[in-house]
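Step one of this worksheet: look at the structure below.
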Amino acid sequence: MSTALLEATIAAIQPLDQAWLAQAQERLDQLTKPRGSLGRLEELAAWYVAVRQEPLPTIKKKVVVIFAGDHGVVAEGVSAYPQEVTFQMVANFVRGGAGINVLARHVGAEVQIVDIGVNHEFTGMPGLLNRKVAPGTRNLAREAAMRREDAVAALTVGIEVAQAAVAAGGDILATGEMGIGNTTPAAAVAAAFTGQPAAAVTGRGTGVDDATYQHKVQVIEQALALHRPDPQDPLGVLAAIGGLEIGGLAGLMLGAAAARRPVLVDGFIATAGALVAVRLCPAVRDYLQAAHQSAENGHQVMLADLGLRPLLQLDMRLGEGTGAALGMFLVEAGLRIYREMATFAEAGVSDKDSGEPAAAGNSVHGGPPH
């Protein structure tokens, strides 16, 4: 599998231009409110402006992308649910009956479902994007989860899905996933990149009991001891102990950043994808917002490693992109404040700094100051 697209995408990602952040903040400070009084809504607005590099950007199309894949490690008994639930839930997504479908409708987002590695052949299912790299990963506790070329292929799928979403008018993307057993590779990836022991980053996933939880930690420890993943080789980490959907998520983040589109990162699995993406290209972090802090043990460790502060803390642990969809709603709220709220000059209200109505014409500039 050629790495050409991956390399070109990484090369295209640039850190956020601080001049655009400053310009956005200048407008926010002129709005009819005490400076900074809308807190993180202002931060989100400035971030969106800087990502898009437009003085008055809009959000017309929101896209939640769900990558679905299976995991050979379920043979170790690490999940409370059987593997066939993965393909059954994919069908539920396509029919519009899952939690993410409900929340996506609520926030006005389109849902795209990508079969990147489900151990099932879907037929007669319009609305499902078939980009299957392999029918699931191998058992990471016994052998490498996938070949290195499969890891590259998963990243490439994610990049191409992001490119297609942007080409179709996507303004902002959210990350979702489905895959029974996927909290095990996500925890292994977290341990490899953060240096924390398996027990510190492993949670109960679908709600396993105490004995299964302890076994799950041991399985992850076994995998880490077997593969000794090198955090300086993120592609190797993904291949040895990751998942196809984790690779797809990482690729989506890279592709979106290269196209200057913001990404709302969902929970535990999606953040494992963010760890991979940021290790491959540190600048991609500027294009990510952590939508929420999952109830899954270890998510806080991952977010701290990435330097991302979650927007919400609702004790959610469903995955699917549910938290990310809610995060989109907050970004849009911040942007509407930025675009629609009157400035002191427009409203004829005295700015506290001058005690006089602000001079007209101080609303928004056509480009960043340089």
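So the sequence shown is numbered by the numbering used here: it starts at 1342 and just counts up by one.
Backbone N, C-alpha and C define an ideal beta-carbon position, used for all residues, glycine too.
Please classify residue i: does DSSP put it in a helix, a strand, or coil?
i	result
H1412	coil
H1461	coil
I1513	strand
E1395	coil
L1372	strand
N1471	strand
K1403	strand
I1582	helix
M1594	helix
S1704	The predicted position of S1704 is uncertain, since its pLDDT is 41 and thus under 50; a value taken from the coordinates is nonetheless stated next. Three-state DSSP puts S1704 in coil, outside helix and strand.
E1384	helix
Q1355	coil
D1656	coil
I1587	helix
M1643	helix
Q1424	coil
Q1723	The question about residue 1723 has no answer here: the residues shown for the chain are numbered 1342 through 1711.
A1439	coil
Q1364	helix
Taking the C-alpha atoms as reference points, what is the distance between residue i and residue j?
i	j	result
H1706	Q1364	Unreliable placement is indicated for H1706, whose pLDDT of 41 sits below 50; the coordinate value is still reported in the next sentence. Whole-angstrom Cα-Cα distance: 8 Å.
A1450	G1511	10 Å
G1522	Q1429	14 Å
A1485	M1657	31 Å
T1350	G1596	6 Å
E1384	I1582	35 Å
A1564	A1529	8 Å
G1608	L1655	11 Å
V1542	V1690	51 Å
V1672	L1629	12 Å
L1514	E1562	34 Å
A1506	D1692	42 Å
A1688	A1674	21 Å
P1375	G1438	43 Å
P1603	H1412	29 Å
G1588	A1492	6 Å
E1637	A1421	15 Å
A1503	I1457	14 Å
L1652	K1403	18 Å
L1470	A1686	50 Å
G1536	V1431	33 Å
A1475	E1367	49 Å
N1480	S1378	51 Å
A1509	P1467	18 Å
Q1641	Y1554	19 Å
E1395	G1465	42 Å
Cutting at 8 Å between CB atoms, please list the residues of its own chain near residue i, excluding the five before and the five after it.
i	result
R1680	L1397 and T1399
E1490	M1342
H1556	E1417, G1418 and V1419
R1620	F1534, P1572, P1575 and V1578
V1426	I1521
L1647	T1612, A1615, L1616, V1619, R1626, L1629 and A1631
Under 7 Å Cβ to Cβ from residue i, same chain only, skipping five residues before and after it: list those, please.
i	result
H1711	Confidence at H1711 is low in this model, with a pLDDT of 38, below 50, so the placement of that residue is unreliable and no value is reported for it.
A1386	A1365, L1369, G1675, L1676, I1678 and Y1679
R1381	L1652
Would you please state the rounded distance, in angstroms, between the beta carbons of residue i and residue j? I believe it to be under 8 Å.
i	j	result
P1570	V1578	4 Å
I1610	E1518	5 Å
V1435	A1666	V1435 to A1666, Cβ: 17 Å. No contact.
A1540	V1558	5 Å
G1477	G1410	6 Å
G1668	A1632	3 Å
T1684	Q1371	4 Å
G1546	T1524	4 Å
A1615	V1606	5 Å
R1488	A1352	Their Cβ separation, rounded to whole angstroms, is 24 Å, which puts R1488 and A1352 out of contact at 8 Å.
V1459	R1472	That pair is no contact at about 11 Å.
I1407	C1622	With a Cβ gap of about 23 Å, I1407 and C1622 do not count as contacting.
V1414	P1526	7 Å
For residue i, count neighbouring C-beta atoms within 10 Å of its own C-beta (all shown protein chains included) and say buried if the count is 16 or more, exposed if not.
i	result
S1635	buried
R1393	buried
N1442	buried
H1447	exposed
T1497	buried
A1645	exposed
K1401	exposed
A1591	buried
A1482	buried
Q1453	buried
A1345	exposed
A1495	buried
G1584	buried
Closer than 6 Å by C-beta to residue i: which residues in its own chain qualify, once you throw out the five before and the five after it? Chain order, please.
i	result
L1357	A1391 and D1627
L1659	G1440
L1444	T1663 and A1666
F1670	V1448
Hey, does residue i have any beta-carbon neighbour from chain B nearer than 8 Å?
i	result
F1670	No chain B is part of this structure, which consists of one protein chain only.
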